[in-house]
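Input: a single structure, listed below in structure tokens.
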Amino acid sequence: MNIEFKLFTLAASILLAPVGAVLADSTLKDALKNDFLIGAALNPSQFTESNAVEANFVKQQFDSISPENVLKWEIVHPEPGRFDFSLADRYVEFGEANHMFIIGHTLVWHEQTPDWVFKNADGSPVDHDTLLNCLSNHIFTVVGRYKGRIKGWDVVNEAVNEDGTLRQSPWYKILGPDFLVKAYQFAHAADPQAELYYNDYSTENEPKRRGAIALIRRLQAAGVHVTAVGIQEHVRLDWPPTQLISDAITAFSQLGVKVSITELDVDVLPEAFRGNGADVSINVAQRAELNPYPNGLPDSVQAALARRYADLFAVYIKHRAEMERVTLWGVEDGDSWLNNWPVRGRTNYPLLFDREGQPKPAYTAVLQTARQMNMASHQSSLEAASLSHP
Ligand code: G3I
Numbered sequence: 002m003n004i005e006f007k008l009f010t011l012a013a014s015i016l017l018a019p020v021g022a023v024l025a026d027s028t029l030k031d032a033l034k035n036d037f038l039i040g041a042a043l044n045p046s047q048f049t050e051s052n053a054v055e056a057n058f059v060k061q062q063f064d065s066i067s068p069e070n071v072l073k074w075e076i077v078h079p080e081p082g083r084f085d086f087s088l089a090d091r092y093v094e095f096g097e098a099n100h101m102f103i104i105g106h107t108l109v110w111h112e113q114t115p116d117w118v119f120k121n122a123d124g125s126p127v128d129h130d131t132l133l134n135c136l137s138n139h140i141f142t143v144v145g146r147y148k149g150r151i152k153g154w155d156v157v158n159e160a161v162n163e164d165g166t167l168r169q170s171p172w173y174k175i176l177g178p179d180f181l182v183k184a185y186q187f188a189h190a191a192d193p194q195a196e197l198y199y200n201d202y203s204t205e206n207e208p209k210r211r212g213a214i215a216l217i218r219r220l221q222a223a224g225v226h227v228t229a230v231g232i233q234e235h236v237r238l239d240w241p242p243t244q245l246i247s248d249a250i251t252a253f254s255q256l257g258v259k260v261s262i263t264e265l266d267v268d269v270l271p272e273a274f275r276g277n278g279a280d281v282s283i284n285v286a287q288r289a290e291l292n293p294y295p296n297g298l299p300d301s302v303q304a305a306l307a308r309r310y311a312d313l314f315a316v317y318i319k320h321r322a323e324m325e326r327v328t329l330w331g332v333e334d335g336d337s338w339l340n341n342w343p344v345r346g347r348t349n350y351p352l353l354f355d356r357e358g359q360p361k362p363a364y365t366a367v368l369q370t371a372r373q374m375n376m377a378s379h380q381s382s383l384e385a386a387s388l389s390h391p
């Protein structure tokens, strides 16, 4: 076959059916269907469909869901011996009815876990065996209830400090580092088919990334199967650089696990930290400069947000072979925890849809990025096929 004919057949095949397939992408899940699952964290108004507009919207756009809060310990297991699955059941039913990949979040965390788990009535810490039995009971009850239905669990959440050491949480202080291995063993025994994840934030930073890698290696050395690492991805317009994100995805996948982006959002407001922690007591009325866009996002920031989302998805799509899922932490801007953290009552714009549920320029930028990158890879595979079958 001569070169002109090869180029003709290549051009013809790009113009015909395959390109139509690549371009049929009016929603996120269509645009990204050849790359990875695309998900959102839901609140009860969405999965109970009391907000029918947003519920429909979730069905159109996403093929995976995460529970923003309803599967956390304080909600499902508020008191010793008392479980409350009323909201969690509705969440799972919504995901099943709409054929979505359903995530469980989260089994072992130092936040949103009631005090009774760690303390006796007199305030003293519970002993090792009491806490281990409590952990086992919690995981077997919660994971067991949704066996075969929740497809993947954030088993341990945020166990690593910024410097890479293990967080001195009550779990660590009472059970020692063994709590990690035990949590995954219990989850695996409760549902052997479920995928099991380790989930954390800021793992793009080198010291914390090294700590997370050491944690995964510790689990693997103990014979525990970890399916994927979740990079939470609560990012800013300018941090972290995409190269660090790309490096983190590569470093985790070299452990033989998949990688997911599990809690994506982009904070566009000024940083409001004092000392080493967030100061949620700052009064917005006293510090108006911390809330610069109460009535809408200026076009220049809107455009910067769109560029940031395009850059982020370009990295994820480049790594699609290593990625399982990208999940946004909320559906529309009004849902986001970033309106209330680290300062209460601000107006933030971190997601792909605005408060009216309308797609933002960032949404269009994600679709365009997916379209361009999938088109390019489709074209190069056609070229490769053409060259290998002269
Ligand atoms: O439900 C109560 C409500 O009854 C009460 O009136 C109200 C008063 O403050 O609080 C409500 O609970 C809040 C809950 O969200 C539901 O809206 C809690 O105060 C609030 O602390 C809680 O925040 C959640 C936060 O985790 C808890 O640490 C956010 O919604 C949730 O987005 C956030 O998610 C975490 C991930 O699980 C782990 N990674 C970080 C991420 C962001 O912090």
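In the working numbering, the protein residues as written are 2 to 391.
Just so you know, even glycine gets a beta-carbon here, dropped at the ideal spot from N, CA and C.
Small disclaimer: the values here were computed from a predicted structure and weren't measured.
List the residues that DSSP assigns as beta-bridge partners of residue i.
i	result
G40	S65 and T328
K259	A229
L265	L329
H235	D266
Y198	D155 and A229
Is the closest heavy atom of ligand 1 to the C-beta of residue i under 6 Å?
i	result
N134	no
N70	yes
E323	no
E75	no
W240	no
V112	Reading the sequence as shown, one finds Glu at residue 112 and not Val. It does: the Cβ of E112 is within 6 Å (strictly closer) of some heavy atom of ligand 1.
W117	no
W154	no
W338	yes
Whole-angstrom Cβ separation of residue i and residue j, contact assumed at under 8 Å?
i	j	result
A252	R210	6 Å
A371	L33	5 Å
A191	V156	Not really, about 11 Å apart at Cβ, beyond 8 Å.
R326	L38	4 Å
A229	V258	5 Å
G40	T328	4 Å
V93	Y173	The pair is not a contact, with the Cβ atoms about 30 Å apart (cut-off 8 Å).
L167	D266	Wrong, their Cβ atoms sit about 26 Å apart, outside the cutoff.
E333	D355	6 Å
Y199	G231	7 Å
P208	E163	7 Å
V71	P45	7 Å
Q186	V225	6 Å
N35	K60	Contact doesn't hold; Cβ gap of about 20 Å is too wide.
L133	K73	Rounded, the Cβ-Cβ distance is 20 Å, inconsistent with contact.
Complete runs of the alpha helix (DSSP H) confined to the segment 43–113 [at least 4 residues]: 45–48, 53–62, 74–77 and 87–98
Length-filtered (4 minimum) alpha helix (DSSP H) runs lying within the segment 119–191: Those alpha helix (DSSP H) runs which fall completely within the segment 119–191 and span 4+ residues are 129–146, 171–176 and 179–191.
Every unbroken alpha helix (DSSP H) inside the segment 339–365 [4 residues or more]: none
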